[in-house]
Amino acid sequence: MADFDASATLLEQVRQARENSTPLRIQGGNTKAFLGREVAGEVLDTRAHCGIVSYDPTELVISVRAGTPLSELFAALDAAGQMLPCEPPSFGEGATVGGMIAAGLSGPRRPWAGSVRDFVLGTRVISGLGTHLRFGGEVMKNVAGYDLSRLMVGSYGCLGVLTEVSLKVLPKPRQCLSISLDIDCARALANLAQWGQQPLPISAASHDGQRLYLRLEGGEGSVAAAHQRLGGEPLDSAYWSDLNEQRLDFFNEGLPLWRLSLPNNLGPLDLPGEQLIDWGGAQRWLKSAADNIQSLAQQHGGHATCFSHGVTEMPFQALAPALLRYHRQLKAQLDPQGLFNPGRMYAEL
Amino acid sequence: MNILYDERIDGALPNIDKAVLLKALQQEVPDLDILWREEELKPYECDGLSAYRTTPMLVALPRHLEQVQALLKLCHARNVPVVARGAGTGLSGGALPLDKGVLLVMVRFNNILHIDPAARTARVQPGVRNLAISQAAAPFGLYYAPDPSSQIACSIGGNVAENAGGVHCLKYGLTVHNLLKLEILTLEGEHLTLGADSLDAPGFDLLALFTGSEGLLGIITEVTVKLLPKPQVAKVLLASFDSVEKAGLAVAEIIAAGIIPGGLEMMDNLAIRAAEDFIHAGYPVDAEAILLCELDGVEADVHDDCERVREVLQQAGASEVRQARDEAERVRFWAGRKNAFPAIGRLSPDYYCMDGTIPRRELPGVLKGIANLAQEYGLRVANVFHAGDGNMHPLILFDANQPGELERAEALGGKILELCVKVGGSITGEHGVGREKINQMCAQFNSDELTLFHAVKAAFDPQGLLNPGKNIPTLHRCAEFGAMHIHAGQLPFPDLERF
Numbered sequence: 001m002a003d004f005d006a007s008a009t010l011l012e013q014v015r016q017a018r019e020n021s022t023p024l025r026i027q028g029g030n031t032k033a034f035l036g037r038e039v040a041g042e043v044l045d046t047r048a049h050c051g052i053v054s055y056d057p058t059e060l061v062i063s064v065r066a067g068t069p070l071s072e073l074f075a076a077l078d079a080a081g082q083m084l085p086c087e088p089p090s091f092g093e094g095a096t097v098g099g100m101i102a103a104g105l106s107g108p109r110r111p112w113a114g115s116v117r118d119f120v121l122g123t124r125v126i127s128g129l130g131t132h133l134r135f136g137g138e139v140m141k142n143v144a145g146y147d148l149s150r151l152m153v154g155s156y157g158c159l160g161v162l163t164e165v166s167l168k169v170l171p172k173p174r175q176c177l178s179i180s181l182d183i184d185c186a187r188a189l190a191n192l193a194q195w196g197q198q199p200l201p202i203s204a205a206s207h208d209g210q211r212l213y214l215r216l217e218g219g220e221g222s223v224a225a226a227h228q229r230l231g232g233e234p235l236d237s238a239y240w241s242d243l244n245e246q247r248l249d250f251f252n253e254g255l256p257l258w259r260l261s262l263p264n265n266l267g268p269l270d271l272p273g274e275q276l277i278d279w280g281g282a283q284r285w286l287k288s289a290a291d292n293i294q295s296l297a298q299q300h301g302g303h304a305t306c307f308s309h310g311v312t313e314m315p316f317q318a319l320a321p322a323l324l325r326y327h328r329q330l331k332a333q334l335d336p337q338g339l340f341n342p343g344r345m346y347a348e349l
Numbered sequence: 001m002n003i004l005y006d007e008r009i010d011g012a013l014p015n016i017d018k019a020v021l022l023k024a025l026q027q028e029v030p031d032l033d034i035l036w037r038e039e040e041l042k043p044y045e046c047d048g049l050s051a052y053r054t055t056p057m058l059v060a061l062p063r064h065l066e067q068v069q070a071l072l073k074l075c076h077a078r079n080v081p082v083v084a085r086g087a088g089t090g091l092s093g094g095a096l097p098l099d100k101g102v103l104l105v106m107v108r109f110n111n112i113l114h115i116d117p118a119a120r121t122a123r124v125q126p127g128v129r130n131l132a133i134s135q136a137a138a139p140f141g142l143y144y145a146p147d148p149s150s151q152i153a154c155s156i157g158g159n160v161a162e163n164a165g166g167v168h169c170l171k172y173g174l175t176v177h178n179l180l181k182l183e184i185l186t187l188e189g190e191h192l193t194l195g196a197d198s199l200d201a202p203g204f205d206l207l208a209l210f211t212g213s214e215g216l217l218g219i220i221t222e223v224t225v226k227l228l229p230k231p232q233v234a235k236v237l238l239a240s241f242d243s244v245e246k247a248g249l250a251v252a253e254i255i256a257a258g259i260i261p262g263g264l265e266m267m268d269n270l271a272i273r274a275a276e277d278f279i280h281a282g283y284p285v286d287a288e289a290i291l292l293c294e295l296d297g298v299e300a301d302v303h304d305d306c307e308r309v310r311e312v313l314q315q316a317g318a319s320e321v322r323q324a325r326d327e328a329e330r331v332r333f334w335a336g337r338k339n340a341f342p343a344i345g346r347l348s349p350d351y352y353c354m355d356g357t358i359p360r361r362e363l364p365g366v367l368k369g370i371a372n373l374a375q376e377y378g379l380r381v382a383n384v385f386h387a388g389d390g391n392m393h394p395l396i397l398f399d400a401n402q403p404g405e406l407e408r409a410e411a412l413g414g415k416i417l418e419l420c421v422k423v424g425g426s427i428t429g430e431h432g433v434g435r436e437k438i439n440q441m442c443a444q445f446n447s448d449e450l451t452l453f454h455a456v457k458a459a460f461d462p463q464g465l466l467n468p469g470k471n472i473p474t475l476h477r478c479a480e481f482g483a484m485h486i487h488a489g490q491l492p493f494p495d496l497e498r499f
């Protein structure tokens, strides 16, 4: 397993970029390059800066350098019987820890276990001022100063170069069982709203238009009881990783792919295209050529992101004008020369 | 070094003519309740950290958001500092007023706007009490998980501003993990929505940035929280140990067994005896440490976990393991812990509660360090510890009527926090920096890091009018604080083992 501290080199590259006012395109495994807008800039490759800095399973904390492959992180946790509960997708073999934080994407367990951001305890970041900084730490509770660590998650590298992250991890559940049920979408979503108010051990819920897919996780007793109550047919647990990594047939090339993040209690929605429901209804994948997906999502109280590259100039939903103004001010303060991934999220940032 | 705002090192504050400001406010926001007489202002001179008091110039008690907006716009235009306050239960002086500023009290915004059981959310105004949310959600079998010990009184707006915790954080998270959406008014009176009714929102995660920002970035006007289904059952085990080390090791062993307890609390001998004397919880008074381990969830799982934890505790050398036989005994076990602070208050005229966090493995060394420091400063320290999440609450016993004791207690507290930083922890787990730990921030962060914090502040409040002097120290203050240390002419902890 590679283990190398290349932070001095990364810092030097940022300082050079500052001197020459050269924008940087921060890149790990480049598996999520299809997300967001094109960035013109010199590549800053994080992959040499890799390795697990510390991991003590009984502390439930792992600290990892940004260039570490996600697969190495998962393997280390797996060997200790632990996991990162938010199930970040990789979208390819080379995916790195830094890319996971920058994109902030979470998998099927997200509504029940939390997002990538929820598992971040601390970060090390190279700022736009050319300084290498440490925020947060390796403890569960830490309210000293502003929470810049969690701010980094999902910022697509626009606020700084992440060099290291400390993550909260948890023991794997003792029992895990996946089932599928032959019920239509409307009933499935209505049931999920009911079940959500009960202490059922559901940890994933998806509907493909035909069947409801559920994962039950917990102790032996609770999983068995829930299985007995819900019935259904056994489901290969690979369904969840195929869903998460977009390997299901639904995701085959074709129309543009949109991710809609919506309130969890909307019920079935009549959207222009084929749908796949995840997160118990709170995340819906839509294949559609329509050009009004983002305004549809907004009408329903959510937002939409285009997951197909080059379809739109605005892959992320537009921000309200006042909110955009504060985004610009924040970017201007933390990255005054506009060096980091300029325009990756929005043209103005 | 005085903890009250010191313009020499915390930055000059605008000189505002009180009479002129009062007149302007009365004219421009005629229906706003404003307190301005000395005797009306007195009750607002401190929050839960009552050792530090400053009488505010004016107190504003708005009832409508339009009033808040108008007040902010006026203060922005006239360069007037604004300190926001909720229920005033904070323990770090986050709502400590300024004599050159307006105290904006948000407690009248106390309506629960909507409980949506299908979405498992509650939309509330910022002055709603933490416990009131769970009470309103109870008919649906739901509750709001974060439970700071002040939950009967503290307001949700303050919880968000401080990123409040509680005893169930390891399993259920802090405030930041249980929020969906915030409505904010900036200093300029501009309205922002952070987060969304969906699980994420486009743009930067400003919801996370604002949570715990201690009123320095904006004023919270509405909060949407997540609700959880109430666990079916909760059971608690009480284990006694003849050494703190063994108890600490037992905690690690529970985690290693793959079990995440709902609550996991440790108390040392002084805290045990104080609590037992006060509450008669049935604690073993001769134990050096006790662990309270609560397991919650679905009945079958909790039963299995109890058996597993009992085995782990016994193997870890517990001298006794007792499971609460019924709900009454469970409540009694917890009552001892939850009343540990007032119980210790009976041993001493005053006590000072610290809030450092550490990696759990450092516990034995840190407790030894605290004992040495306590001896050096001639004060007693009782320890209660959220063992599950590494959050310590050492309670320093002192008598403010004895000349110099308060200062000694403060100095000892500062040393304890610096010790936490030294072992990789933090100066504050859940109480916030506020004014209380402003100097210790200089130990936790270097000047480059503080510079970036000030940059964040400048993005939202370039004039520095929202809660000035809290949370982030000026570089000037840290320079003086550092100079004071060097002046002592020795390392911060000369007689401590390095670990």
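Line by line, the protein sequences give chains A and B. Just so you know, the working numbering puts 148 at position 148 of the first sequence, and the rest follows in order with no gaps. Just so you know, the working numbering puts 67 at position 67 of the second sequence, and the rest follows in order with no gaps. Virtual Cβ for every residue (Gly too), placed ideally from N, Cα, C. Remember, predicted model here, so these are calculated numbers, not experimental data.
According to DSSP, is His476/B helix, strand or coil?
The residue you call residue 476/B lines up with position 476 of the second sequence. DSSP places His476/B in helix when its eight states are reduced to three.
Taking the beta strand (DSSP E) that Phe278/B falls in, what are its first and last residues?
For this step, residue 278/B is matched to residue 278 along the second sequence. Phe278/B -> not in any beta strand (DSSP E); alpha helix (DSSP H) instead, spanning Asn269 to Ile279.
Just to confirm the assignment: which complete alpha helix (DSSP H) runs, minimum length 4, are found wholly within the region 182-206 of chain A?
185-195
What's the gap between the Cα of Leu209/B and the Cα of Gly94/B?
Position 209 of the second sequence, counted from the first residue, corresponds to residue 209/B. Position 94 of the second sequence, counted from the first residue, corresponds to residue 94/B. Each residue's Cα considered, the two are about 17 Å apart.
Distance, Cα to Cα, Phe316/A vs Gln26/B?
Looking up residue 316/A in the first sequence gives position 316. Looking up residue 26/B in the second sequence gives position 26. Each residue's alpha carbon lies about 45 Å from the other.
Using a 10 Å radius around the Cβ and a threshold of 16 neighbouring Cβ atoms, would you call Gln299/A buried or exposed?
Position 299 of the first sequence, counted from the first residue, corresponds to residue 299/A. Answer is exposed; the Cβ neighbour count stays below 16.
State whether the region 252-264 of chain B contacts the region 277-286 of chain B, with contact taken as three or more CB pairs (one from each stretch) at a distance under 8 Å.
no
When burial is assigned at 16 or more other CB atoms within 10 Å of the CB, is His38/B buried or exposed?
Translated into the one-based positions of the second sequence, residue 38/B becomes position 38. Contrary to the premise, residue 38/B reads as Glu rather than His in this sequence. Looking at its Cβ environment, which holds fewer than 16 other Cβ atoms inside 10 Å, Glu38/B is exposed.
Just to confirm the assignment, what range does the beta strand (DSSP E) spanning Asp448/B have?
Taking the first residue of the second sequence as 1, we reach residue 448/B at position 448. First-last for Asp448/B: Ser447 to Phe460, but that is the alpha helix (DSSP H), not the beta strand (DSSP E).
Tell me whether Ser54/A is buried or exposed, calling it buried when 16 or more other Cβ atoms sit within 10 Å of its Cβ.
Locating residue 54/A in the first sequence gives position 54, where the first residue counts as 1. Ser54/A comes out exposed.
Go to Tyr55/A, then tell me how far its beta strand (DSSP E) extends in each direction, as first and last residue.
For this step, residue 55/A is matched to residue 55 along the first sequence. Where Tyr55/A is concerned, the enclosing beta strand (DSSP E) stretches over Ile52 to Asp56.
Can you list, in chain order, the stretches of the alpha helix (DSSP H) that have 4 or more residues and sit fully within the region 297-347 of chain B?
299-315, 327-338 and 340-345
Extract the residue ranges of the beta strand (DSSP E) inside the region 268-325 of chain A, only unbroken runs of 3 or more that lie entirely within it.
274-278, 283-287 and 303-306
Spatial neighbours of Pro394/B within its chain, please: CB distance less than 7 Å, with the 5 preceding and 5 following residues excluded, ordered by chain position.
Here the question's residue 394/B lines up with position 394 in the second sequence. Excluding positions up to five away in sequence, the list reads Met354, Ile370, Val381, Asn383 and Ile416.
Between Ala247/B and the rest of its own chain, which residues show a CB-CB distance below 6 Å, the 5 nearest in sequence each way excluded?
Reading the second sequence from its first residue, position 247 is the one you call residue 247/B. Cβ neighbours of Ala247/B beyond the five flanking positions: Phe241, Met266, Ala289 and Leu291.
8 Å Cβ cutoff, Val82/B in contact with chain A
Counted from its first residue, the second sequence places residue 82/B at position 82. So no, Val82/B is outside the interface.
Please report the distance separating the alpha-carbon of Glu410/B from that of Tyr352/B.
Along the second sequence, read from residue 1 onward, the residue named residue 410/B stands at position 410. Along the second sequence, read from residue 1 onward, the residue named residue 352/B stands at position 352. Going from the Cα of Glu410/B to the Cα of Tyr352/B covers about 8 Å.
Indicate whether at least one CB of chain A lies closer than 8 Å to the CB of Phe481/B.
In the second sequence, counting from the first residue as 1, residue 481/B sits at position 481. Closer than 8 Å: no.
Taking 6 Å as the limit between beta carbons, can you name the residues of its chain near Gly317/B, skipping five residues before and five after?
Locating residue 317/B in the second sequence gives position 317, where the first residue counts as 1. Within the same chain, Gly317/B has close Cβ partners Lys246.
Report yes or no: is there a C-beta of chain B within less than 8 Å of the C-beta of Thr22/A?
Here residue 22/A corresponds to residue number 22 of the first sequence, with the count starting at 1. So, not an interface residue.
To the nearest angstrom, how far is it from the Cα of Asp6/B to the Cα of Leu475/B?
In the second sequence, counting from the first residue as 1, residue 6/B sits at position 6. In the second sequence, counting from the first residue as 1, residue 475/B sits at position 475. For Asp6/B and Leu475/B, the distance between alpha carbons rounds to 14 Å.
Is it the case that the region 27-36 of chain B contacts the region 56-65 of chain B, given that we only count it when at least three CB pairs across the two stretches are under 8 Å?
yes
Check distances from the C-beta atoms of the region 432-444 of chain B to those of chain A and list, in chain order, the residues that come in under 7 Å.
Gly432, Val433, Met441 and Gln444
Would you identify the three-state DSSP class for Ser166/A, choosing helix, strand or coil?
Numbered from its first residue, the first sequence carries residue 166/A at position 166. Correct three-state label for Ser166/A: strand.
Considering only C-alpha positions, which residue in the set Arg120/B, Gly158/B, Gly297/B and His386/B is nearest to Pro263/A?
The count along the first sequence starts at 1 and reaches residue 263/A at position 263. Measuring from the Cα of Pro263/A, the nearest candidate turns out to be Arg120/B.
Does any residue of chain B bring its CB to less than 8 Å from the CB of Asp147/A?
Translated into the one-based positions of the first sequence, residue 147/A becomes position 147. Closer than 8 Å to some Cβ of chain B, the Cβ of Asp147/A qualifies, so yes.
For Ile219/B, does the three-state DSSP call read helix, strand or coil?
As a first step, residue 219/B must be located in the second sequence, where it is residue number 219. Looking at Ile219/B - three-state DSSP - the assignment turns out to be strand.
Roughly how many angstroms lie between the CA atoms of Arg361/B and Leu216/A, to the nearest whole one?
The residue labelled residue 361/B in the question sits at position 361 within the second sequence. The residue labelled residue 216/A in the question sits at position 216 within the first sequence. One C-alpha to the other measures close to 33 Å.
Taking only beta-carbon atoms, is Leu269/A less than 8 Å away from chain B?
Here residue 269/A refers to the residue found at position 269 of the first sequence. Judged by the 8 Å Cβ criterion, Leu269/A is not in contact with chain B.
C-beta atoms of Ile293/A and Cys185/A nearer than 8 Å:
Numbered from 1 along the first sequence, position 293 holds the residue referred to as residue 293/A. Numbered from 1 along the first sequence, position 185 holds the residue referred to as residue 185/A. Not closer than 8 Å, so no.
Applying the criterion that 16 or more other CB atoms from any shown protein chain within 10 Å of the CB defines a buried residue, is Leu266/A buried or exposed?
Residue 266/A sits at position 266 when you count from the first residue of the first sequence. Burial call: buried.
Using the Cα positions of Leu349/A and Gly338/A, report the straight-line distance between them to the nearest angstrom.
As a working mapping, residue 349/A is identified with position 349 in the first sequence. As a working mapping, residue 338/A is identified with position 338 in the first sequence. Whole-angstrom Cα-Cα distance: 8 Å.
Starting from Leu214/A, follow the beta strand (DSSP E) in both directions and report where the run begins and ends.
For the purposes of this step, residue 214/A is taken as residue 214 along the first sequence, with counting starting at 1. Leu214/A -> beta strand (DSSP E) spans Leu212 to Gly218.
Leaving out five residues before and five after Leu4/B in sequence, what residues of the same chain have Cβ atoms less than 7 Å from its Cβ?
Translated into the one-based positions of the second sequence, residue 4/B becomes position 4. Contacts found: Tyr52 and Thr54.
Assuming Leu243/A and Pro108/A are in contact, meaning their beta carbons sit under 8 Å apart, how far apart are those beta carbons, in whole angstroms?
In the first sequence, the residue the question calls residue 243/A occupies position 243. In the first sequence, the residue the question calls residue 108/A occupies position 108. Right, their Cβ atoms sit about 6 Å apart.
For Thr221/B and Ile184/B, believed in contact at Cβ under 8 Å, the rounded distance:
Residue mapping note: residue 184/B aligns to position 184 of the second sequence, counting from 1. Residue mapping note: residue 221/B aligns to position 221 of the second sequence, counting from 1. Their Cβ separation, rounded to whole angstroms, is 7 Å, which keeps Ile184/B and Thr221/B in contact under 8 Å.
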